[in-house]
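Notes to accompany the following structure.
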Amino acid sequence: MRNNYLKKFMLLFAVLFISQAILAQTGSITGKVVDENNQPLPGSTVLVVGTTIAGATDVNGVYRINGVKAGTYTLTASFIGYTTDPKSVTVGTGPLSVNFSMQSSSKSLNEIVVIGYGTVKKKDLTGSVTTVSSKDFQTGNITSPEQLIAGKVAGVSITSNGGAPGAGSTIRIRGGASISASNDPLIVVDGVQLSNDGIAGAPNALSLINPNDIETFTVLKDASATAIYGSRASNGVIIITTKRGLAGKPVINLNTQVSAAVLTKKVSVLSADQLRAYVKANGNATYQGLLGAENTDWQKEIYKTAISNDNNLSISGGFKNVPYRISVGYLDQKGILRTGYLNRASASINLSPKLFDNHLKIDLNVRGSASKARFANQGAIGAAVSFDPTKPVTSGNSNYGGYFEYLDSDPSSATGLKQLAPRNPVGLLEEREDKSDVKRSIGNLQLDYKLHFLPDLHANVNFGYDASEGKGTIVQPDYAASSFRRYKDANNVLHSGVNNQYDNKALNTTFEGYLNYVKEVKAINTRIDAVAGYAYYDYKTTVTNYPDLTTDGTVVSNPTYPFDIPRNRLLSYYGRLNLTISNKYLLTGTVRRDGSSRFSPLNRYAVFPSGALAWKIKEESFLKDNTVLSDLKLRVGYGLTGQQDGLSNYAYTSYYSLSSQTASYQFGNAFYQLYRPVAYDPKRKWEQSATTNAGIDFGFLNGRLTGSIDAYYKETKDLLAPVNVPAGGGFSNTFITNVGTMTNKGIEISLNAQLIKSAEVTWDVALNATYNQNKITKLTFVNDPNNTGLSTGGVSGGTGSSVQRFIVGQPRGAYYVYQQVYGTDGKPLDNVYVDRNNDGSINDKDLYLYKQPDPKYIFGFSSNVTYKKFNLSVVMRANLGNYAYNNVFSSTGVQRSILNPLGYLNNGSTNVLESGLIGGNDKNVLSDYYVQNASFLKMDNASLGYNFGKLFGGSTQLSLSGNVQNVFTITKYKGVDPEVNGGIDNNIYPRPRTYVLGLNLKF
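So this is what it looks like as structure tokens:
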């Protein structure tokens, strides 16, 4: 026993001795990185050239690299927007001090920008491209990635779809390019092109990607930049690059936030006393007898203060010269609408080793998330606006879960409920459990091999996937009023409640392979950068269909098919050539040939070319030594892109579809579902958008002031739109085909300025402005001046009422309404409209085009001030020239809605007191009175932070931040929020004001 202890002790001593001997053969490098004003540059990278060994500077600009073998090396320091000369150092067995003083390099002109299938220096771009890095992101309670760059990029409109947990946004780059197909941009995450299809059970597919893992957004706007993506690039491209690790000692980053979200503004409706007064003044004895004695604020009953938290932990560094980054996160977000929540757990890993003397670069990315959500019944929002405030929340008995409901006095009523009356808002929330369980994983393995025998040539392959599963249940108890006795079976027995489920799976795979040849030809002072590649994409979804069940399991209806597997594929060949001549003249040419399974073999393939030229005037001899002008470059480009997203997979071919149970055919006493032909168009082909872009990039005072101006013209041809089919001409009265054209033209301006730069204070501001004009120029095969276009924009308050049109000569979705007549008191006259064609009657021929929902001008403004260890930043946005249809006013702010003819009382908008409208005709909802100016100025974000630096003299760094989101809105719009996606405001989930307290630890 004693000998065993002695042997173990000797072994331990030997191990320690050998370890010390090994460590004695290595040294360390430490130092500080500062700018030209001797201010620290935190986040700089110091690299040992020819290795993957590197270190990052802390908040004081100090770095440290351990474990460097003895020898002579070259060190470089890098920081966006700065340059410095490399330094040769000799490392011994002890610590070595090496400091770097960096100089501004014309404000990020040497920054590397990720573009399609490669990278390029920002100063060498020929297209309209904008990059936003993590240091410039919006801050606060950000749950979906696109919210990080709202208001940051000229020409890009990001409109939140509402205030629900995890709610996504509608993204538009230079306006929409389609009517029937998708207007969403292509989104690429670490080389994986995402499908624009949603994921069942997810409020927003992008919300399954943790925003804290994102390093940069690169937005490609013009065709010369996007054409390399061909058929999916008509609406622009957004490239998301996630964070990577750096070789060196592990760096741990912990970020945690707690937030409180509150309702900013309620819909202005009558109070209980106002409703009593209105009914007594305008209603007869029957309606007055329906008034109650309560004073219920229904909006107060359904909304609450929502407390949420978001926690993220990452570890990055190098393990045996393999850089890595591992992160985990957990989001617990509550909604301000009762019962709603989103819980998301996420994890990611990145490995980026280099092998074979740095000839083989490997980039492995895997990220996954699992979310559980409960979707609050948003029908409660409209119900809270219209439910009678003189009634109580609860009834005092157990019927319908104990909630007060409008009862039917007819003893023969099957449900005992007043039909078509609104249901109790609180009951709608509490008696519906709509829950989902969603999992998603996105990953790719990218290999880049620099050929040993030809180092100018790289071979790159990328294998990627995007896999998801969304499943969930919708359950309502049998006593819930909204589904009470909803189904009568064959034995005349009534059944109540809901017990349904859904399950969708998606697997999208990517393979891309390309060759990249880069050569500096010194004899002609030209740099050649050529790419040629192949790509294959497979998008497959498996939909499992389930029967509609009541709470007791009774089948209300069976699905037509037990499952469906929609699938489409893309096959592509592409190439690009970049020439840089004398570091002054830049030429880019791209071509891509795409084939889509969504089109017939006749039109399956299309070619999308582009070309661009740029002239770096600053490099000319007459400007090169100018100390005021730091950058001047002219750009011009033209390209063709395609569109096939949002289309049916098989609408080009003839097939038969099984009818639903409600369309069965009776033979005797039995009903049979029949197969019937489906309308198709074998000649359908790609939408194509041709874009011309001209731009100028400039910089002054060594990059203290930089900017760009772009002008563009985009014409979409072969526009896919519905057309009428003559009787007997097909299997449907309409089908979608290539019939139209549409244009978008505009100007974009971006300015960035460092107003103050001193030892203690810096102040950076950024401003972007966009003007866009959209116009439909053709919608029929043969020009028809009397054509009234395509109806869209359905509204509530009328049967089949639509207030918008796609029509030639007008922007998309222009309002198509009656011109309201006003009295001498300025109030609208009930049922009095302008007879615009002077035929003596008011009918649909008097409808006219009035205003548009899309803004003509979009502005973004950011300001960031740093004083010593304090930081203050704000982000503001503005839209001008956009109008919204106030459907809350039109559907509830009229007497006919409040004194409902079906024998019950509704509440309504206080606008009824201003307008005095009765609304007793079908034209009221089509009045231009309800089309209101929705221009606005918003402060999206205001934050204040303090960096404590190192704690207790150690390596741990602490920073705290306070943040307010949705700070204020200035607008003339009379509804809750002027930012209305699509232009129709009908009880949208309100966007809350959110107060956030954040803590960050780095060690």
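Each residue of the sequence shown is one higher than the one before, counting from 2 in this note's numbering.
A virtual CB, placed ideally from N, CA and C, is assigned to each residue, including glycine.
Predicted model only: the values in this text are computed from it and were never measured.
If you check the CB distance, SER183 and ARG173 do not come in under 8 Å. Setting aside the 5 residues that flank it on each side, PHE405 is surrounded in the same chain by LYS392, PRO393, VAL394, THR395, SER396 and ASN425, each with a C-beta closer than 8 Å to its C-beta; the list follows chain order. Residue pairing by DSSP places VAL494 opposite no residue, since no beta bridge is assigned to it.
Out of LYS266, ALA286, THR287 and TYR325, the CA that lies nearest to the CA of LYS301 is found in LYS266.
Residue pairing from DSSP leaves PRO727 without any beta-bridge partner. Note that the stretch 120-133 touches the stretch 628-645; at least 3 beta-carbon pairs, one per stretch, sit closer than 8 Å. Straight-line spacing of the CA atoms in GLN447 and LEU516 works out to 13 Å. Here the alpha carbons of ARG375 and TYR851 stand approximately 40 Å from one another. Secondary structure note for GLY152: it is in no alpha helix (DSSP H), with a DSSP letter that is neither H nor E.
With respect to ILE143, VAL190 sits apart: the two C-beta atoms are not nearer than 8 Å.
The DSSP-derived three-state label of LYS266 is coil. With respect to the 8 Å criterion, GLY249 and GLY72 are not classified as neighbours on the basis of their beta carbons.
With distances taken between CA atoms, VAL462 lies nearest to VAL193 out of LYS520, VAL193 and GLY473. Under the DSSP assignment, GLN821 falls in the beta strand (DSSP E) whose first and last residues are 821-823. Residue burial is scored here from C-beta neighbours: PHE138 has at least 16 other C-beta atoms within 10 angstroms and is therefore classed as buried. With a beta-carbon spacing of about 36 Å, ASP719 and GLN674 fall beyond the 8 Å limit used to define contacts.
DSSP lists TYR868 as the bridge partner or partners of VAL762.
In this structure, DSSP gives THR27 an extended state, which the three-state scheme calls strand. Here ASP626 is exposed: its Cβ has fewer than 16 other Cβ atoms, across all protein chains shown, within 10 Å.
Going by DSSP, LEU945 is part of the beta strand (DSSP E) stretching over 937-951. With a threshold of 16 other beta carbon atoms within 10 Å, PHE871 falls short and is exposed.
Exclusion of the five residues before and after TYR331 leaves ASN312 and ALA346 as the residues of its chain whose Cβ lies within less than 6 Å of its Cβ. Here TRP687 carries a coil assignment [DSSP, helix/strand/coil]. Judged by DSSP secondary structure, PRO548 falls outside any alpha helix (DSSP H); it is assigned neither H nor E. DSSP lists GLN689 as the beta-bridge partner residues of LYS718. Within the DSSP secondary-structure output, MET877 pairs in a beta bridge with PHE862 and MET940. As a beta-bridge residue in DSSP terms, TYR537 pairs with PHE512 and LEU572.
Straight across, the Cα-Cα distance linking THR31 with ALA78 is about 12 Å.
Listed in chain order, the alpha helix (DSSP H) elements of length 4 or more contained wholly in the stretch 372-454 are 380-387 and 426-431. For TYR834, the closest C-alpha among the options ASP840, LYS828 and TYR823 is that of TYR823.
If you ignore the 5 residues before and after GLY176, its C-beta comes within less than 6 Å of the C-beta of ASN745, ASN773 and ASN775, all in its own chain and listed in chain order.
Restricting attention to PHE623, PRO854, PRO812 and SER387, the CA atom closest to the CA of LEU881 is found in PRO854. For PHE807, the uninterrupted beta strand (DSSP E) run begins and ends at 803-807, by DSSP.
Between GLY167 and GLN379 the beta-carbon gap is near 14 Å, outside 8 Å, which marks them as no contact. Per DSSP, the unbroken alpha helix (DSSP H) holding ASP274 starts and ends at 273-283.
Judged by DSSP secondary structure, THR306 falls outside any beta strand (DSSP E); it is assigned neither H nor E.
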